[in-house]
Amino acid sequence: MPQNEVVQDLGLDEYKYHFITEDEPVFRSGRGLNEKVVREISAQKDEPQWMLDFRLKALEIYNSKPMPTWGGDLSNLENVLEDIFFYVRPQDKMEHSWDDVPPNIKETFERLGIPEAEQKVLAGVGAQYESEMVYHSLKKEWDDKGVIFDSIEDGLKNHPELFREYFGTVIPAADNKFSAMNAAVWSGGSFVYIPKGVELDTPLQAYFRVNQEQMGQFERTLIIAEEGSKAHYIEGCTAPVYSTESFHSGVIEIVVKPGAHFRYTTIQNWSNNMYNLVTQRAMVHENATMEWLDGNLGSKLTMKYPSCYLMGEGAHGSVLSIAYSGDGQHQDTGGKVVHAAPNTTSQIVSKSISKGTGRSTYRGLCQVHEGATNAKSNVECDALLINETSRTDTYPYIEIEEKKSNIGHEATVSKVGDEQLFYLMSRGMSEEEAMALIVRGFIEPIAKLLPLEYAVELNRLIELEMEGSVG
Amino acid sequence: MEGVTDALNADAVQSLASGAPEWLQNRRLDAWATYERTPMPSTRLEEWRYTDLSRLLELDSLEPLPWSKRTFDRASAPASLDAALEADREASGRVVELDGSVAHVELDADLAEKGVRLLSLRDAVEEIPEVLERRLATEALPATDGKFQALNAALWQDGIVLVVPRGVRMEDPIRVTRHVSRTGQAIFSRVLIVAEPGSQVSFVDEIVSEDLEEQTLFSSAVEIFAEDAAQVQYVSLQRMGRGAFHLAQQRTIAGKDSTLDTLNVTMGASISRLDLNARLMGPGANSDMLGLCFGDGDQHFDHNTSQDHDAPHTHSDLLYKGALDDRARSVFRGIIRVAKGSQQTDAYQTNRNLLLSEHARADSLPNLEIEADDVRCSHGATVGQLDQDHLFYLMSRGLSRPQAERLVVIGFLGEVLQRLPLGGVVEKVSRGIEEKLNG
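See below:
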């Protein structure tokens, strides 16, 4: 296939976040996961007894559950988990002013462009370095309206009742092996509360960075969007490339109250030695809307299926997912929608690009319970294969118990067609321009929903890789 | 040693094996050893996720039915068998099987002269052992494929073998009618079809029974080979009565430039499980895979299909449709696998389900695993109720709601039949649908 040889690289492979910051953490747990580590983490955070009990119970659950045998290749994971540090505390306390962040950490985030973005386009920023949030700030106008945007630890300290009412209710520790692990050793992440009727017009952003070799990051985020509120939360993730494997396992719980509208965007660009096993779920109440926008570009293996439980009449959930798998990468992603109330609607759109020996898997669930009348759901998966060695899989589960429902699933797999390339080249484009245009067109339905700077970044990366690829 | 019972055990295999040629004895005993060491499939396995055998299969109460010489007398045929034969049309050959033993075989004299062989599996062991030694439970459905493949390979009592020599084309189908009357039994039967290069054949495999008081297992293992440029159509029509557990394993192997199409119609039995694996082994091979089911009462249908593209320039297209009334449920799990190097492959898969009652349930898992880049693959699945616009249109033309609903259901399922409009089959299936709608 000439065009496959011509287009050696589609992009997104070149990892520009590989830089290591020299620093000494103020505290580091022992390697591996055991009760001592869990007690240490809880003590470091000066937690109430109920949280320690919760963690210890979760550890028991974790130990009792077998490793998943589906999804990606987890055969080496147990070895990795024996060697990593489950908790690394980079500094003594979290800062609310950028100037107070220690210089080496500050430099890291400056290289990632975070302070600049905060000034320009964001309502609030949180930054996590290793196991702890090192910086959190929220613009004053939102603070005045009662919005809470804080580290999860401060959420527990400063809003104990609100916290306890919701924590662990959307994703119980026993949900799966990795949610149990997270429940035992969670550290960092955001606590977000949007009061009734408040609409944030710019996004909140959290940035996650793993700097140390062989560490595990286990952030936990809890978001409550009160009735009629509206907000958008973005997370971004990077790490340097080490020869050993690292591990990231987050848990994101979101409660979307009646009439509220919440969008959660992830742009994951972990280094390709990272296992990224994340559980994300939203409870969506009456007439509320939840949108997951999930971009998976990095990591060695990602297993992540953002889900919407449509609990109230008229609730709407959507998952828009884009995955890029380069050499050696496996993106096992998708989405879950559970219709548990009448007149609920949902949509899953998944686009994946597999290049080199990359493998992209769509795995999804659409479930309609009896009594969820007039449920409507539509799932669309498109996969683009660039090379002979690339692989793609589609595993949807459709479980329908309600007659009055309308459920559809469609998927296509294709390569960039000779006819498409020929047409564009006959109009004067070079082969690389044509290829870039086709790939951009393929991801466009999702890219256009990204905040501008991410959309530009995505397109730029693709173009960058097209340049000079005709030899 | 899960699944070894007072009746289904090594002694039963020994007694079937004794007196057989050595290769066959060994094959049965090896299959039994495989059965013994293979765990009973549980819902922890993806392929059995929605069919819980520990709850649905009463293995302990099943007795394997010994082979016995049966004779067929049309005059005293039971009602369901009589009706099935009555509705048949012209055929190149006919077979009647009673409780798993072949009782009657006839073949057009011209075709017999041209070398076509149509015979019972027991006779084939005597007459064409070289074909069986090479093909029976080896390449297509070996015992090592799974628990029930092994059980059938160890305990089959009879079956049907068809060999169509090079270049022979058969105008009319071979029609097989099977009848089950013995309740509480386990019947193991096999079909082997070998279509040599350039030959052409259609094969209609119908099974009927009255309602059966106790659970009765009918296990069918079907192996079909379409050699280079052969054309084969295989149709399975399952209209067993309640009480039956129909367990069908089918594997089709399509050679270079061959066409190997299948149609599986599932209307009867309390529980029906189909495993169909279509393998496209030669460039230019083509398989259409059609399925239609209509469930009511508390029928449980589970269809597990796979399309394996192991050569470039191969084409497969699957369409399975189901209508479900009352508390019936259906499962469709299908997978398209495109192996590395199988470039220029087209593979499609569509599953559509119609829920006609509040309590019916449909689960659909259309999967893709693609390891070649120059392919066109797609799949689609839908679950829904009767199209309200269609109903409205028909009712505005003066039809009552029940009449309009019937038409829409018939139209929905009829699409499948149009894709493989074999004489006799269309009428039988249409009548079956009508009966269900009236029921």
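Chains as they are written, first to last, in this note's numbering: chain C, 18 to 488; chain B, 10 to 448. Where is the CB? At the ideal position from N, CA and C, for every residue including glycine. Keep in mind it's a predicted model, so treat the numbers as computed, not measured.
Determine, using beta-carbon pairs with one atom in the stretch 402-411 of chain B and one in the stretch 423-437 of chain B, whether at least three such pairs fall under 8 Å.
Too few Cβ pairs lie closer than 8 Å, so no.
Problem set entry | Under 7 Å by beta carbon: chain B residues contacting C:I403 | Result: D382.
Measure the Cβ-Cβ separation of B:A191 and B:D108 and say whether it is below 8 Å. Rather than Ala, the amino acid found at residue 191 of chain B in this sequence is Arg. Contact flag set, yes.
(message) Counting only C-beta atoms, is B:D6 closer than 8 Å to chain C at any point?
(response) What is shown of chain B runs 10 to 448, which leaves residue 6 of chain B out entirely.
Is the CB of B:E424 under 8 Å away from at least one CB in chain C?
-> Chain C contact via Cβ: absent.
Practice task
Compute the beta-carbon to beta-carbon distance between B:Q247 and B:M276, rounded to the nearest angstrom, for a pair I have assumed lies under 8 Å.
Solution key: That belief holds up - the Cβ atoms of B:Q247 and B:M276 are roughly 7 Å apart, short of 8 Å.
Mind checking the stretch 392-418 of chain C against chain B and listing, in chain order, the residues whose C-beta falls within less than 8 Å of any C-beta there? Using a CB distance below 8 Å, the part of the stretch 392-418 of chain C facing chain B consists of A400, L402, I403, N404, E405, T406, S407, R408, T409, D410, T411, Y412, P413, Y414, I415, E416, I417, E418, ordered along the chain.
Notebook entry, point to check: Using Cβ-Cβ distances below 8 Å, what residues of the stretch 288-315 of chain B are close to chain C?
Noted result: Residues of the stretch 288-315 of chain B with a C-beta less than 8 Å from any C-beta of chain C: none at all.
Original post:
Are the C-beta atoms of C:K432 and some chain B residue less than 8 Å apart?
Top reply: yes
Listed by chain order, chain C residues near B:S373 by CB distance under 7 Å: I415
Quick check on the DSSP output: the beta strand (DSSP E) that includes B:Y59 runs from which residue to which? No beta strand (DSSP E) holds B:Y59; DSSP gives it neither H nor E.
Hey, how far is the Cα of B:E219 from the Cα of B:D284?
24 Å
### Message
Only counting the same chain, and skipping five residues up and downstream in sequence, which positions put a Cβ closer than 7 Å to that of C:F36?
### Response
Leaving aside the five residues that flank C:F36 on each side, the residues in its chain whose CB is nearer than 7 Å to its CB run, in chain order, R128, P257.
- Starting from the C-beta of B:F157, find all residues in its chain whose C-beta is less than 7 Å away, skip the five residues before and the five after it, and write them out in chain order. S228, L256, Q258
Between the CA atoms of B:R58 and C:G381 - distance to the nearest angstrom
15 Å
Could you give the DSSP three-state label for C:N289: helix, strand or coil? coil
Q) Roughly how many angstroms lie between the CA atoms of B:L145 and B:M10, to the nearest whole one? A) One C-alpha to the other measures close to 25 Å.
* For B:L364 and chain C, any beta-carbon pair shorter than 8 Å? -> Interface residue (Cβ-Cβ distance to chain C less than 8 Å): B:L364 is classified as such.
- request: Starting from the beta carbon of B:N376, find every residue of chain C whose beta carbon is closer than 9 Å, and list them in chain order.
  value: D410, T411, Y412, P413
For C:W309, the first and last residue of its enclosing beta strand (DSSP E): Looking at the DSSP string, the run of the beta strand (DSSP E) that includes C:W309 is 306-313.
message = Buried or exposed for B:T225, going by 16 or more other Cβ atoms inside 10 Å?
response = buried
Original post:
Roughly how many angstroms separate the alpha carbons of B:T261 and B:R251, rounded to a whole number?
Top reply: 29 Å
Exposure label - C:N290; buried when at least 16 CB within 10 Å: buried
Open item on the list: Looking only at its chain, what residues have a beta carbon closer than 6 Å to the beta carbon of C:T282, apart from the 5 residues adjacent to it on each side?
Closed with: I251, L310
Tell me the DSSP bridge mates of B:G102?
When DSSP reads this structure, B:G102 sits in a beta bridge with B:L116, B:I183.
| message | Let me see if you follow: with CB-CB separation under 8 Å, is C:S363 close to chain B or not? | response | no
- Query: Counting only beta-carbon atoms, is C:I17 nearer than 8 Å to chain B?
  - Reply: Limits of chain C in this structure are 18 at one end and 488 at the other, which puts residue 17 of chain C out of reach.
| said: Threshold first: 4 residues or longer. Then list the alpha helix (DSSP H) segments lying entirely within the stretch 138-220 of chain B, N to C. | reply: Here the runs fully enclosed are 138-144, 156-164.
So that I know if they touch, is there some Cβ in chain C lying closer than 8 Å to that of B:E367? yes
Contacts that C:I424 makes with chain B (C-beta to C-beta distance below 7 Å) | Neighbours of C:I424 in chain B, taken as residues at a C-beta separation under 7 Å, are given in chain order as T391, V392, G393.
Please report the straight-line C-alpha distance between C:T38 and B:M49, rounded to a whole angstrom.
55 Å
*Hey, which unbroken runs of the beta strand (DSSP E) at 3 residues or more fall wholly within the stretch 403-452 of chain C?*
DSSP runs (the beta strand (DSSP E)) wholly in the stretch 403-452 of chain C: 408-417, 422-432.
Among the residues of its own chain, which have a CB less than 7 Å from the CB of C:G373, if the five just before and after it don't count? G343, D344, N404, T406, S407
Do C:S59 and C:R72 have their beta-carbon atoms positioned less than 8 Å apart in this structure? Closer than 8 Å, so yes.
Measuring straight from C-alpha to C-alpha, what distance separates C:P85 and B:S211?
Linking C:P85 to B:S211 through their CA atoms gives a straight-line distance of about 45 Å.
(Q) The alpha helix (DSSP H) that contains C:P177, what's its start and end? (A) Bounds of the alpha helix (DSSP H) holding C:P177 are 177-183.
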